[in-house]
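Presented below is the structure to which this report refers.
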Amino acid sequence: MFESDFERNLFALRREKLNQISALGQQTYPNQYTATHTIPEIWAKYRETTAEELEAHRIQVSVAGRIMAIRGQGKAGFAHLQQNGERLQIYVRKDDVGEENFLLYKLLDLGDHIGVTGYLFRTRTGELTIHVQTITFLAKAMLALPEKYHGISDIELRYRQRYVDLFTNSTLNEGGPDEIRVRDVFIKRAKLLKAIRNFFDTRGYIEVETPMMQPIAGGAAARPFVTHHNTLDMDLYLRIAPELYLKRLVVGGFDRVYEINRNFRNEGISTQHNPEFTMLEFYQAYANYHDLMDLTEEIIKQVAQEVNGTTITHFNGHEIDLGKWRRFSMREAIIEFWPESAGAKPAIEDFNSEATAAALVERLRAARIHIEYKPGEPLGKTIATIFEAVAEDHLIQPTIIYDFPLAVSPLSKQKPDEPDWVERFEFYIAGFELGNAFSELNDPEEQRKRFEDQLKQRQGGDEEAHQMDEDYVRALAYGLPPTGGEGIGIDRLTMILTGARSIRDVILFPLLRPHHTPEE
RNA sequence: GAGCUCGUAGCUCAGCUGGUAGAGCAACGCCCUUUUAAGGCGUGGGUCCUGGGUUCGAAUCCCAGCGGGCUCACCA
């Protein structure tokens, strides 16, 4: 627990102060405190009240909070109490609180929790302040708070000791139009979740919870985490997606379902990837991917309005309007964003054969654009890779990319007129993918074939290829109505709405390697 | 997993081409009854991330490791 002798000594010293506080007749760890207001309530109610009004009608209040600043003045003193992210000044005079309470005040440290009663006034400089009459001790900070002006700026410390980060409430993107405090990031995240639930609840969707531990990790292409159930003596996978269970529910007659929950993928970590992340998935019977495109724009617009009061957001130096959307087919996007350095733009026919697609790869490589390509891989996979290499960085403003190759979409329905392409889209904001949606494949025989193809790729060494899920095929065999389904990354959407540039800034306790203190 | 980069007091940071570690905040003591990054006087606080190496001498240079950040890869 202790970082140093300094901390150990400080702890002992505070322990001694607790004894003295106890000797003053205060409980050292009392069980409750009854306040008349929270600090935000005081501000909401009396922000505009003048000094004269406060003097004329003495307003008695009691509030509780954590001491975040304290200034002694001999036989008086000022302190700032913080509660729910807001601070209110208190003024303590020996004359007014009495000998014992003033001794208590002298024993207080930065970080301590106290309750005070008193009346509101304005100081010489006009600051709304409580003129304290009694102090009640509530809890002690046994460790030193971070630097009072800068707070904690060490990113590692912020993530490891989020509890400190939150009450010091340090700033992200300082000085920019996207400046935001840590606490507000997580308040917005909560609002976002509420807005999404509101969106779906009012449209007749029901919220469900499906297994997080699954015997077959399906519904996405990713390496799973493995765990073990002792009594059943079976390995289970932490889910990589809820998809296949949610579609079983549509078979079961829940025409509109959604789930907001964690997915786990045993993959790399980056500013856009955390091993556990929160995903919204929703399914709507009788809808196709066109319906979902319209719905997607509506969701994002409405959520932005509810969370930020505007569809304008700032991310990494870009102003983004979440109310204005573009749509390209994947092939159109490749042509649209084809780099000049790689010569003339491709023609739409170039996507029709492996040879012409491979030629595009060669042109990109000649232009020193890194692109993964294995000769003999399916044409659709090559096209998807080209899209990612060429277009993704340009998709700063909200953009829907539709019509994906069948080869990379084992669960999507083919386009009636182009069987090598499926009714699938992804949407991008700020240069990264936020969501993925498609008209769900509901033909059990076709689904079985797709799984078998995936199995072949798996045997060929692709660890992320889908496994066979017999029960899911059986569910489809009972009849899945035409259905549209979509997944939206909640962490990433939070990033877009808060301007946080790292996914770790929107996850309260992001995964870090264990850190060993000298004592361990 | 790879490349680059950072790691000095509880916190925020300085410390030059190598000469044996500093400031502010916080802490401790004293003074101060409208202050607010309060102020004044004084005091204590260091495994300079860890382990090797080079050197008369290493926070500083070199190597390895640990942890963080960024970029790339994988992926959403």
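Take the first sequence: its letters are residues 4 to 523, numbered as in the working numbering.
Glycine is no exception: its CB is placed at the ideal position from the N, C-alpha and C atoms.
As the structure is a prediction and not an experimental result, all values here were calculated from the model.
By the Cβ test, the segment 484 to 497 is not in contact with the segment 449 to 467, since fewer than three Cβ pairs between them sit closer than 8 Å. In the pairwise beta carbon analysis, the segment 101 to 112 is classified as not touching the segment 36 to 52: fewer than three pairs are separated by under 8 Å. When the alpha-carbon of Val-476 is set against those of Leu-500, Leu-247, Ala-336, Gly-434, the nearest one is in Leu-247.
Here Arg-96 carries a strand assignment [DSSP, helix/strand/coil].
In the pairwise beta carbon analysis, the segment 87 to 94 is classified as touching the segment 131 to 143: at least three pairs are separated by under 8 Å. Ranked by how close their Cα comes to the Cα of Arg-184, the residues Leu-235, Pro-513, Pro-517, Gly-502 have Gly-502 in first place. In this structure Leu-325 does not touch Ile-493 by the C-beta definition: roughly 15 Å separates them, more than the 8 Å allowed. Per the C-alpha coordinates, the member of Lys-459, Arg-206, Leu-382 positioned closest to Arg-334 is Leu-382. Of the residues assessed, Thr-205 falls on the exposed side of the cut-off, its CB having fewer than 16 other CB atoms within 10 angstroms. Per DSSP, reduced to three states, the secondary structure at Phe-435 is strand. Residue pairing of Lys-143 in beta bridges, as defined by DSSP: absent, with no partner found.
Within the segment 405 to 466, the complete beta strand (DSSP E) segments at least 3 residues long are 421 to 432, 435 to 442, listed from N- to C-terminus. Within the DSSP bridge table, the entry for Glu-279 names Phe-267 as partners. Under the 8 Å Cβ criterion, the segment 192 to 199 counts as touching the segment 309 to 318, having at least three qualifying pairs. Here the segment 331 to 346 makes no contact with the segment 216 to 230; the two share fewer than three CB pairs at distances below 8 Å.
Of the residues assessed, Leu-409 falls on the buried side of the cut-off, its CB having 16 or more other CB atoms within 10 angstroms. If you look at Ala-198, you'll find it isn't in any beta strand (DSSP E); it sits in the alpha helix (DSSP H) that goes 185 to 204. The continuous alpha helix (DSSP H) containing Ser-25 extends over residues 8 to 26. Taking 8 Å as the cut-off, the Cβ atoms of Leu-496 and Leu-437 count as close. When beta bridges are read from the DSSP output, Arg-125 appears opposite Leu-131. Between the alpha carbons of Ala-369 and Phe-435 lies a gap of roughly 25 Å. Boundaries of the alpha helix (DSSP H) harbouring His-293: 292 to 311, taken from the DSSP string. In the structure shown, His-397 falls within a helical segment according to DSSP collapsed to helix, strand and coil. Here the segment 157 to 175 makes no contact with the segment 269 to 287; the two share fewer than three CB pairs at distances below 8 Å. Listed in chain order, the non-local C-beta contacts of Arg-165 below 7 Å within the same chain comprise Leu-511, Phe-512, local neighbours out to five positions each way being set aside. Taking 8 Å as the cut-off, the Cβ atoms of Ser-505 and Thr-274 count as close. For Asp-324, the enclosing beta strand (DSSP E) begins and ends at 321 to 324.
Nearest in C-alpha terms to Glu-421, of all of Asp-406, Phe-430, Glu-429, is Asp-406. Inter-segment contact for the segment 56 to 63 and the segment 116 to 124 is present: three or more beta-carbon pairs are separated by less than 8 Å. Pairing Leu-141 with Ala-26, the inter-Cα distance amounts to about 15 Å. Non-local beta-carbon contacts of Ala-144 in its own chain, meaning distances under 7 Å to residues more than five positions away in sequence, involve Asp-112, Leu-113, Gly-114, Asp-115 in chain order. Put simply, the backbone Cα of Ala-360 is about 25 Å away from that of Leu-458.
According to the DSSP assignment, Ile-272 belongs to no beta strand (DSSP E), since it is labelled neither H nor E. The three-state secondary structure of Met-4, taken from DSSP, is coil.
Just so you know, the alpha carbons of Glu-182 and Ile-70 end up roughly 25 Å apart. Between the alpha carbons of Thr-281 and Leu-249 lies a gap of roughly 16 Å.
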